[in-house]
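Right, dumping it as structure tokens:
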């Protein structure tokens, strides 16, 4: 667990970041894995520790970097809500993702030319926003049920979400993979399909995997052990299509994972 510096005006805050690495010295391809947002004060949200999902990538020779954005958990700074401006919110979150990548690219164990950015829910939304920046070395984006549901005092949030997705698509030249389920409690079919359509209409490249219903709420797919049977194959296929590692190397992701230790 490392503290990643992030410049905010004249100040520097630290982003609490969990790093999972395969055995060896690298250089390793990178997955930047981005968390969602639970209800309530973001400072009470626990550190994101996606062990199960990380094991999939560790098996394939990736290092996984999972930063907490500003105002979440023990990260410094304050959460930037953006009010009803959903597009602005995503771009602010993407600033933190870029800061994490700036740090990662300085590490000797990193392959700077093979980076994949992935996120779930609010982290998926931040992933799409980062895609519009054209960050160097990023080869593709993976969006699990991404979005932001701003209902309180925000009329027509669904339309705002679709329009913002179009704005991100207009500035994005990277391929992306989107995975959504029909019984998503945050972003059901009538929400995610217009998002995808606007993103593509604006020029964004997005393959949509609409996998139907999952359990009681498809929004939980990425974190669920049962979800692996749905997302592993299309994600591996997407990785192959963008020219980054996609086949398992160790066959044992748990064995490849390092213990969690706080960096001095």
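In my numbering, the protein residues as written are -18 to 245.
Every residue gets a Cβ at the ideal spot worked out from N, C-alpha and C, and that includes glycine.
Predicted model, so just to flag it, every value in this text is computed and none were measured.
Where residue i and residue j are concerned, what is the direct C-alpha to C-alpha distance, given to the nearest angstrom?
i: residue 103; j: residue -18; result: 22 Å
i: residue 67; j: residue 182; result: 19 Å
i: residue 146; j: residue 185; result: 9 Å
i: residue 169; j: residue 21; result: 22 Å
i: residue 47; j: residue 137; result: 32 Å
i: residue 63; j: residue 152; result: 20 Å
i: residue 42; j: residue 135; result: 43 Å
i: residue 187; j: residue 154; result: 10 Å
i: residue 76; j: residue 50; result: 9 Å
i: residue 158; j: residue 86; result: 24 Å
So what's residue i in DSSP terms, helix, strand or just coil?
i: residue 47; result: strand
i: residue 151; result: helix
i: residue 85; result: helix
i: residue 171; result: helix
i: residue -2; result: strand
i: residue 216; result: helix
i: residue 60; result: coil
i: residue 166; result: coil
i: residue 114; result: coil
i: residue 248; result: Given that the chain is displayed from residue -18 to residue 245, the structure contains no residue 248 and the question cannot be resolved.
i: residue 161; result: strand
i: residue 54; result: coil
Here's the rule: buried if 16 or more other CB atoms are within 10 angstroms of the residue's CB, otherwise exposed. What is residue i?
i: residue 100; result: buried
i: residue 207; result: exposed
i: residue 117; result: exposed
i: residue -2; result: buried
i: residue 179; result: buried
i: residue 163; result: exposed
i: residue 95; result: buried
Might you give, ordered along the chain, the residues of its own chain that have their beta carbon closer than 6 Å to the beta carbon of residue i, omitting 5 neighbours on each side?
i: residue 45; result: 1, 12, 14, 35 and 38
i: residue 106; result: 71, 127, 128 and 129
i: residue 53; result: 23 and 26
i: residue 141; result: 67
i: residue 80; result: -13
i: residue 84; result: -15
Just checking: is the beta-carbon of residue i within a distance shorter than 8 Å of some beta-carbon in chain D?
i: residue 17; result: Protein chains in the displayed structure number just one, and chain D is not present.
Looking only at its chain, what residues have a beta carbon closer than 7 Å to the beta carbon of residue i, apart from the 5 residues adjacent to it on each side?
i: residue 213; result: 37
Inter-stretch contact at 8 Å, needing at least 3 Cβ pairs: the region 106 to 114 / the region 56 to 73: For the pair of segments examined, the region 106 to 114 was found to touch the region 56 to 73: the number of CB pairs separated by less than 8 Å reaches three.
Please confirm if the region 217 to 224 is in contact with the region 192 to 207, defined as three or more CB-CB distances below 8 Å between the two stretches. As far as the Cβ criterion goes, the region 217 to 224 does not touch the region 192 to 207, which means the pair count is below three.
Can you confirm whether the region 168 to 181 touches the region 122 to 132 when touching is taken to mean that 3 or more C-beta pairs between the two stretches lie within less than 8 Å? yes
Taking contact to mean at least 3 C-beta pairs separated by less than 8 Å, is the region -16 to 2 in contact with the region 49 to 66? Yes, since at least three Cβ pairs between the region -16 to 2 and the region 49 to 66 fall closer than 8 Å, the two stretches touch.
May I ask you to verify whether the region 2 to 10 touches the region 73 to 92, counting CB pairs closer than 8 Å and requiring at least 3? yes
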